[in-house]
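Residue numbers (our numbering): 1 to 162.
For each residue, glycine too, the CB sits at the ideal point set by N, CA and C.
Values in this document were obtained by computation on a predicted structure and should not be read as measured data.
Notes follow the structure.
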């Protein structure tokens, strides 16, 4: 999990604590929790065609532009997309790479799979299969295109369930 000091380059404590339902946190979004099944009473559900029987996606009308990747009935990742107005620790879609790097200076950088530099991925160095991390996808314009929170290796998937 991310440490709790911004100077360490990781998320402050409020990113991991229960916050408003409009904030993506390391532990989840609303009643959806990383590492747990989708709650039966939740507004999160599978919608539309699915890529496979093992890896499924779920969305909620309560959170436009967000979706979850569910593998073996366990939430592995939550993604904020272009239509989302939600934030992770105050950063949302359209934030600058600089603002992400200032808040989280220890994130590791990887080349973007489909876009030319300066597009890149900025990822929690301590994300693992048992500890949630964050990944910011930076576009060629230097701005956040997607924000993911979840467990490795799914956190680093670049094509949804792949």
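Taking 8 Å as the upper bound for CB-CB distance, residue 49 and residue 58 are not in contact here, some 13 Å apart. Of 151, 129, 115, the smallest CA-CA separation from residue 138 is found for 115.
Residue 59 is bridged by DSSP to 45, 67.
In this structure residue 25 is not in contact with residue 75, their Cβ atoms being roughly 13 Å apart against a cut-off of 8 Å. For residue 103, the enclosing alpha helix (DSSP H) begins and ends at 97-103. By the C-beta criterion, the segment 86-96 is judged not to be in contact with the segment 119-127, since fewer than 3 inter-stretch pairs fall below 8 Å. In the three-state scheme derived from DSSP, where H, G and I count as helix and E and B as strand, residue 38 is classed as coil. Judged by DSSP secondary structure, residue 109 falls within the beta strand (DSSP E) whose first and last residues are 108-111. Residue pairing of residue 147 in beta bridges, as defined by DSSP: 80, 136. At the C-beta level, residue 142 and residue 82 stay beyond 9 Å of one another. In the DSSP secondary-structure assignment, residue 92 is bridged to 87. Distances from the CA of residue 61 to each of 27, 22, 36, 89 were compared; the closest alpha carbon is that of 22.
For residue 63 and residue 84, the gap between their C-alpha atoms comes out near 7 Å.
Residue 158 carries a coil assignment under DSSP once its states are collapsed to helix, strand and coil. Per DSSP, the beta-bridge partners of residue 75 are 70.
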